[in-house]
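Right, one structure below, let's go through it.
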């Protein structure tokens, strides 16, 4: 329903995607059925009140004539269709359409045509299928000539009826080009939309609502994909879950509840939709167990797993690929039959040039050689992700023991980048083990940042997600780097988040609400007017070249840089950087859902602020800010904890 149709030189009107034309033709048919003789001008004006409806009616009629003339091989049959076409055209010119045709029967004509199109687009091409199509076509033509046309000629007897419209071009029906036309015309005739037909799923409603609202927000105009700013996404990963195993999903806790059972109860509508997609009945336990690989993916996409994050980030590539294809086609449109072309291959190549995704799997090399079943499973799951997403790149720290000339054994460390079936791309020797000289996560980022490309870099945590509709707006967001915000161009673009773990428990809901307020109104005020927004480990987009030449995006000194992310913001601001916040695009974020997890997180934040009071960055910022900005810095960082203590 979202596809624009293939170009047709026989149609002079604009062919919109079907979802924009829902209910247009059925509404016009209803108007015609209720019209009276002599009201032709009024009927046409009512249909023309909605320009899309008028175009849909014209498209339906013209497409039907094209299909019938191509489908019929017998000259006499074609003459009958042409006579009907001439009669309709003459009546429209003379404005006698309502007098020449029985409007009360137009609904019957529409329903028989819909039945014919249903057979044309889905019936197998064999003797039985051909007989069904012939019968449906004969019914349609008889109702049109006998009931709809007031002076039409019906078939004289059953023998004549059986002899007409028998010789059809069955080879045409097999072609993708014509099947696409059958599908589109059937949708235009039958698809009805209602204001009450809203998604049951609350998350679907939220996503649609936010996307629709965001289109009315102020944002830069998107350039062509070929001209856009190239960017990379970097995700640090340690040893968290990649994909839930069958054992994990079915293992029961002390209350007798498994992860799969819990997810089925939390997301009942999504579970039912999933079963419908894979064609399995909910009460068929044997068939459900036979689709465990699909179930593992379904469950993993609803947890805080690496598979969910990778799927979300790869939406960027998919969005760029579609947008690049749109850029290359002209106003003539395209359709399903045109996708497998040189343009599609070129759009994929350009998307790969403009977007790079690197996951820094610190222990990937260890997991590859491990005998432990869990670690081996992590390696195999990451390998499957690379095979599923060919554009995905994995960076890891490789440790090797090398014998020197003097006979001694030395450990050597390398930053390695791999793709696909564990195919090595780059191997760069390091002076030592990065994670021993600093904090683990920031050094995991720092060793892999050299493998990223482009002018922008988005930092994504392992428990985040992305949505296809939001990925479409990435071109707009990157254009912000070219605009002046205040006195300078931005060096960090702040992005809002949606906390997707709020439905897990009441405690998680409270944490979700708290985080949502911080990443929306909180960061909005910090960015403008206070001008003290920094980087908080959220999906911010960095000016990659600016930060690579000024110390990177993570400071990694042990203990001091416990809250490593905010120091990237300190560093950027101290070097005349500009941090902004933008709310027309959002990403998903998972948060802690248990009391212990939340308590540990709050303790880490408090501990990090304690270390910030001792760092030189806060000292330098405090001395260089004006009085009001200095107070804003104090109360939005370490001052909160000082005041709480007092």
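Numbering (UniProt numbering), first residue to last: 1 to 646. Cβ coordinates follow ideal geometry from the N, Cα and C atoms, glycine included. Because the structure is a prediction, the values reported are computed rather than measured.
Within 7 Å, strictly: CB atoms of residue i and residue j
i           : j           : result
residue 25  : residue 275 : no
residue 658 : residue 609 : Not covered by the structure: residue 658. The range shown for the chain is 1 to 646.
residue 314 : residue 364 : no
residue 465 : residue 312 : yes
residue 541 : residue 452 : no
residue 80  : residue 108 : no
residue 580 : residue 527 : yes
residue 493 : residue 480 : yes
residue 718 : residue 471 : One cannot answer for residue 718 here, as it falls past the ends of the chain, which runs 1 to 646.
residue 458 : residue 233 : yes
residue 44  : residue 28  : no
residue 687 : residue 525 : Past the edges of the chain, shown from 1 to 646, lies residue 687, and the structure says nothing about it.
residue 169 : residue 73  : yes
residue 100 : residue 110 : no
residue 242 : residue 378 : yes
residue 571 : residue 551 : yes
residue 172 : residue 70  : yes
Span separating the alpha-carbon of residue i from that of residue j
i           : j           : result
residue 654 : residue 639 : Lying before the first or after the last residue shown, residue 654 is absent from the chain, which here runs from 1 to 646.
residue 413 : residue 402 : 10 Å
residue 415 : residue 478 : 29 Å
residue 281 : residue 287 : 8 Å
residue 220 : residue 514 : 30 Å
residue 446 : residue 643 : 35 Å
residue 236 : residue 442 : 8 Å
residue 252 : residue 260 : 9 Å
residue 587 : residue 558 : 30 Å
residue 380 : residue 278 : 24 Å
residue 129 : residue 119 : 8 Å
residue 304 : residue 505 : 15 Å
residue 15  : residue 56  : 8 Å
residue 140 : residue 84  : 13 Å
residue 617 : residue 230 : 31 Å
residue 719 : residue 131 : Given a span of 1 to 646 for the chain in the structure shown, any question on residue 719 remains unanswerable.
residue 39  : residue 82  : 26 Å
residue 486 : residue 207 : 31 Å
residue 635 : residue 532 : 10 Å
residue 591 : residue 267 : 18 Å
residue 648 : residue 64  : Any question about residue 648 goes unanswered here, given that the chain covers just 1 to 646.
residue 575 : residue 623 : 14 Å
residue 436 : residue 562 : 15 Å
residue 326 : residue 222 : 13 Å
residue 293 : residue 301 : 13 Å
residue 614 : residue 560 : 8 Å
residue 554 : residue 456 : 15 Å
residue 368 : residue 510 : 40 Å
residue 329 : residue 352 : 19 Å
Bridge partner(s) assigned by DSSP for residue i
i           : result
residue 235 : 359
residue 524 : None; residue 524 has no bridge partner.
residue 426 : 417
residue 286 : Residue 286 is not bridged to any residue.
residue 409 : 403
residue 677 : Given that the chain is displayed from residue 1 to residue 646, the structure contains no residue 677 and the question cannot be resolved.
residue 464 : 589
residue 654 : One cannot answer for residue 654 here, as it falls past the ends of the chain, which runs 1 to 646.
residue 149 : 101
residue 485 : 488
Residue range of the unbroken alpha helix (DSSP H) whose run includes residue i
i           : result
residue 472 : No alpha helix (DSSP H) holds residue 472; DSSP gives it neither H nor E.
residue 61  : 51-71
residue 605 : 595-612
residue 458 : Where residue 458 is concerned, there is no enclosing alpha helix (DSSP H), although the beta strand (DSSP E) it sits in stretches over 456-459.
residue 112 : 106-122
residue 502 : Residue 502 -> no alpha helix (DSSP H), and no H or E assigned at all.
residue 92  : 75-94
residue 622 : 616-624
residue 372 : It is not in any alpha helix (DSSP H) - residue 372 carries neither H nor E in the DSSP assignment.
residue 131 : 127-142
residue 354 : 342-354
Terminal residues of the beta strand (DSSP E) in which residue i lies
i           : result
residue 399 : 392-403
residue 41  : Per DSSP, residue 41 belongs to no beta strand (DSSP E); it is in the alpha helix (DSSP H), 40-48.
residue 243 : First-last for residue 243: undefined, no H or E at that position.
residue 32  : Segment 24-33 is the alpha helix (DSSP H) holding residue 32; no beta strand (DSSP E) there.
Residue i: CB within 6 Å of a non-hydrogen atom of the ligand GDP
i           : result
residue 364 : As far as ligands go, the structure on display features none, and thus does not contain the ligand GDP.
Proximity test, Cβ basis, 7 Å: residue i and chain B
i           : result
residue 385 : Any reference to chain B falls outside this structure, which holds one protein chain only.
- At which residue ranges does the region 259-327 contain complete alpha helix (DSSP H) runs of 4 or more residues, listed in the order of the chain? 259-266, 268-278, 285-290, 292-300 and 306-313
- What are the complete beta strand (DSSP E) segments, minimum 3 residues, inside the region 534-577? 541-543
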